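The letter at position 48 of the sequence shown is residue 52 when you use our numbering, and the numbering goes up by one with no holes.
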Amino acid sequence: MIEKLPKLQKIILDNYKENESEFTDEDIDLFKGWKITFNEDDIMKLAEEGENEMIDIGERYQSRFPTLMPEIYDNQTYRFKYTATQRTEESAKNFATGLFGRHSSYRVQYPEAEHKDPVLRFYKRCQRWRSEVDKNPDSRIEKEKFLKSNVYKKMLENVSRRIGYQVDHEIVHLMYVMCGFETAWHKNSESPWCRIFSLDEFKVLEFADDLEYYWNDGYGYKLSYEQACPALRDVFNFFMADEGLVVSVYFSHSGTILKLLALLGIAKEDQHLTHDLFSLYAENRAWRTGVIDTFASNIAFVLYNCSGGPSILFMHQERPLHLPGCPMNVPCPLSTMKALYPDQEEECQFETLCSMEESS
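Structure follows, in structure tokens:
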């Protein structure tokens, strides 16, 4: 897909010369200076901006919790883990650099990564979810309906007129994704592909993406988030264990974080997100992946020994966040958390839940 971008660039520049587009001189200057600097594989890797961001996040966590997260690495205190991918491995190593500094982070020990890690990538082991949701065309119905809506068609017409070239969803989505990636990778320069869209058109494209993630990784199907119980049980087990570990740091993927957020009841709408609710939710909705699942998204559970008993502070994107069912403005009592969420093996029958026999 990326190889189409230089062709689109040429079309945009040619149409501007022929007065067949609606771009400004400033827009065109950006397109004239644009060059493709990566290939398809690079999208799956952690970019330099991502490396720096992980270092910064590590530094901020260490600054926020200096006693809990000491600057001196000790494998009796820290546990690190990542999946069998380049970007999570590099995320872990750069986060460690932020915690311990460049001269000490090399001492960090990592277990051998698993492609289908039962905690970090539980959904890779859930055959029923892969069959009933991930590979099921029904999970994409709401997005497909939205792509055929008058709202989406109007956006395509506007973009086509602006460029002077007829575009479809595939091309528009490519330009939209490139705008996002280049903005994340090159924070000190503007991506010309962002000049393609108005603010209202960005909202349309974001809603289309949110519909996809809502029905595949969020609240659309109970199975999607119920299968995240091994990840949450791992949190409870860590806090209840007698071993001396103090900090457990995992590096995973969007699919894991979104399902876990849904299991926790975070970013839940009053009703299912559907194709016909754009006018209602365009400005104000909880399920907005551009907020809850940005690059370098992170969640944290911090155990406090409060006067009323052990309690957990939940953090999302480095900020404390209230969990539904928990008291406001204070850490949530561990007893309340255990009552709200699956913490026992009998409450998290993953193998049974994900068995294809369960669906029959």
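The beta-carbon is built from N, C-alpha and C at its ideal position, and this holds for glycine as well.
Source: prediction; values computed, not measured.
Under the three-state reduction of DSSP, which class applies to residue i: helix, strand or coil?
i      : result
Pro314 : strand
Pro122 : coil
His173 : helix
Ile303 : strand
Tyr308 : strand
Ser252 : strand
Cys336 : strand
Phe354 : helix
Arg64  : helix
Met319 : strand
Lys272 : coil
Glu349 : helix
Lys139 : coil
Lys406 : Residue 406 lies beyond the range of the chain shown here (5 to 364); nothing can be said about it.
Tyr229 : helix
Tyr180 : helix
How big is the Cα-Cα spacing for residue i and residue j?
i      : j      : result
Ser364 : Cys358 : Any reading at Ser364 needs caution, since the residue's pLDDT is 49, under 50, leaving its predicted position unreliable; the model's value is listed next. About 12 Å.
Glu93  : Ser256 : 9 Å
Glu22  : Tyr169 : 12 Å
Ile47  : Glu136 : 28 Å
Arg111 : Lys342 : 35 Å
Asn220 : Val163 : 28 Å
Asp172 : Arg106 : 47 Å
Thr99  : Arg125 : The sequence shown places Phe at residue 99, not Thr. Going from the Cα of Phe99 to the Cα of Arg125 covers about 20 Å.
Tyr308 : Lys39  : 50 Å
Gln275 : Ala266 : 14 Å
Ile303 : Asp204 : 30 Å
Val250 : Arg68  : 15 Å
Arg165 : Met159 : 10 Å
Lys11  : Gly37  : 14 Å
Tyr82  : Ser109 : 12 Å
Glu26  : Asn192 : 26 Å
Here's a check: name, in chain order, each residue in its chain whose Cβ is nearer than 6 Å to the Cβ of residue i, leaving out the five neighbours to either side.
i      : result
Gln66  : Met73 and Leu103
Ile32  : Tyr20
Ala51  : Trp189
Met179 : Trp197 and Ile200
Gly62  : Phe99, Gly102 and Leu103
Phe354 : Pro234
Are there 16 or more other CB atoms within 10 angstroms of the CB of residue i, so buried, or fewer, so exposed?
i      : result
Arg91  : buried
Phe84  : buried
Gly259 : buried
Gly184 : buried
Cys352 : buried
Phe150 : buried
Met332 : exposed
Ala245 : exposed
Arg64  : exposed
Met182 : buried
Ser143 : buried
Asp18  : exposed
His320 : buried
Lys97  : buried
Within the same chain, show all residues whose beta-carbon is closer than 8 Å to that of residue i, passing over the 5 residues directly before and after it, in chain order.
i      : result
Pro3   : Since the first and last residues shown for the chain are 5 and 364, residue 3 lies out of range.
Arg289 : Asp214, Glu273 and Leu277
Going along the chain, which residues of its own chain have a beta-carbon closer than 7 Å to the beta-carbon of residue i, five neighbours each way excluded?
i      : result
Tyr218 : Gly224, Leu277 and Trp291
Pro122 : Arg129 and Pro234
Cys330 : Cys336 and Thr340
Report yes or no: do the region 311–320 and the region 329–346 share at least 3 C-beta pairs separated by less than 8 Å?
The count of Cβ pairs closer than 8 Å, one atom from the region 311–320 and one from the region 329–346, reaches three, so the stretches are in contact.
Evaluate the contact criterion for the region 269–283 versus the region 109–119: three or more CB pairs, one atom per stretch, below 8 Å.
Under the Cβ criterion (8 Å, minimum of three pairs), the region 269–283 does not count as touching the region 109–119.
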